[in-house]
Amino acid sequence: MIGGYMPWLEKHPWGLRFGASYRPTPTLLTTIETEHCQRFRLHYGMEYCYRKNYFLRAGFATNPLVLTFGGGLRISHYQIDLSIESHSVLGITPQISFALCF
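One point on numbering: in this note's numbering, the residue at position 91 of the sequence shown is 109, and numbering is uninterrupted.
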């Protein structure tokens, strides 16, 4: 993965990300990514797929330290994900998302 973004309202309106994913088994996916915008960050995560419909995820990011945990459920072409972040500044932050998979 290689990507870039330009957050228009930031002090430094540029960013660059590099990452890679590896699937050591059919049910386990690992991802690592670096990000450089205002400072260097490292992201690492793992996803475990159970019966192609249930997902468990965990990961972390550095600078500041952010721990994440979550899960997901895919039904037909729809997916719902719930995650929780333990952020050093924001505290515990829950997130929910809905996706259409096609």
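Note that CB positions come from ideal geometry on N, CA and C, so glycine has one too. Keep in mind the model is a prediction, meaning the values are calculated, not measured.
Do Pro82 and Ser115 count as a contact pair if the criterion is CB distance below 8 Å?
no
Residue environment, Arg75, which counts as buried when at least 16 other CB atoms sit within 10 Å
buried
Can you grab the Cα-Cα spacing for the pair Gly109 / Tyr62, in whole Å?
20 Å
Separation of Ser94 from Gly77, as counted between CA atoms
26 Å
Reducing DSSP to helix, strand and coil, say where Arg75 ends up.
strand
Euclidean distance between Cα positions of Thr111 and Gly89:
15 Å
For the beta strand (DSSP E) that contains Ser104, what are its first and last residues?
Tyr96 to His105
Per-residue DSSP class, three states only, for Arg35
strand
Those residues which DSSP pairs with Leu85 across a bridge
Phe78 and Ser104
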